[in-house]
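Structure first, commentary second.
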Amino acid sequence: MAKQVIKRGGKKEAFRAEKIKRSIRAAARDAHLPAARAKRAVGKVSRAVLKFAAKRKAIRSAVLKQKILWHLARVEPAAAKAWRKYDRRRSARRR
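Numbering-wise, the sequence shown is residues 1 to 95 according to full-length UniProt numbering.
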């Protein structure tokens with residue numbers, strides 16, 4: 001399992017699977033998915049991403065996000081769309 005996440009600025013932090021699940025839950029909530037579909041999406045996407053991360057010692061946050069969105073778009077496209085919308089709003093605030 002990846003032990004570290006390398007953030008955009010180069011800072012490293014401990015890999016925490018719960019952060020991935022929490023982010024997927026938030027996207028599902030923003031997409032107004034029913035609880036059962038949200039739970040299914042969290043399970044499927046987090047399993048796939050954790051399997052990918054297990055092969056690495058460290059992983060860049062951008063790569064992690066890309067993998068999450070790729071899987072999320074296949075499982076629940078509305079949640080992936082909600083995530084991207086949140087990202088655009090967040091990016092606009094940083095400028």
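Every residue, glycine too, gets a C-beta built ideally from N, C-alpha and C.
Original post:
If you run the structure through DSSP and keep just helix, strand and coil, what is residue 60?
Top reply: If DSSP states are grouped into helix, strand and coil, residue 60 belongs with the strands.
Original post:
CA-CA distance, residue 89 and residue 79?
Top reply: So the alpha carbons of these two residues sit roughly 15 Å apart.
Subject >> Bridge partner(s) assigned by DSSP for residue 12 >> reply: Note: residue 12 sits in a beta bridge opposite 6.
**OP:** Determine the closest residue to residue 73 out of 16, 6, 4, 27, with distance taken between C-alpha atoms.
**Re:** Measuring from the Cα of residue 73, the nearest candidate turns out to be 27.
Original post:
Can you find a CB in chain D that lies within less than 7 Å of the CB of residue 74?
Top reply: Among the chains of the structure shown, chain D does not appear; only one protein chain is present.
**OP:** Would you give the residue range spanned by the alpha helix (DSSP H) that residue 50 belongs to?
**Re:** Counting along the chain, the alpha helix (DSSP H) containing residue 50 begins and ends at 35-53.
Original post:
For the putative contact between residue 37 and residue 13, defined by C-beta atoms under 8 Å, what is the C-beta separation to the nearest angstrom?
Top reply: Not really, about 30 Å apart at Cβ, beyond 8 Å.
**OP:** Give a yes or no on whether the C-beta atoms belonging to residue 7 and residue 15 are separated by under 7 Å.
**Re:** Here residue 7 is not near residue 15, since their CB atoms are 7 Å or more apart.
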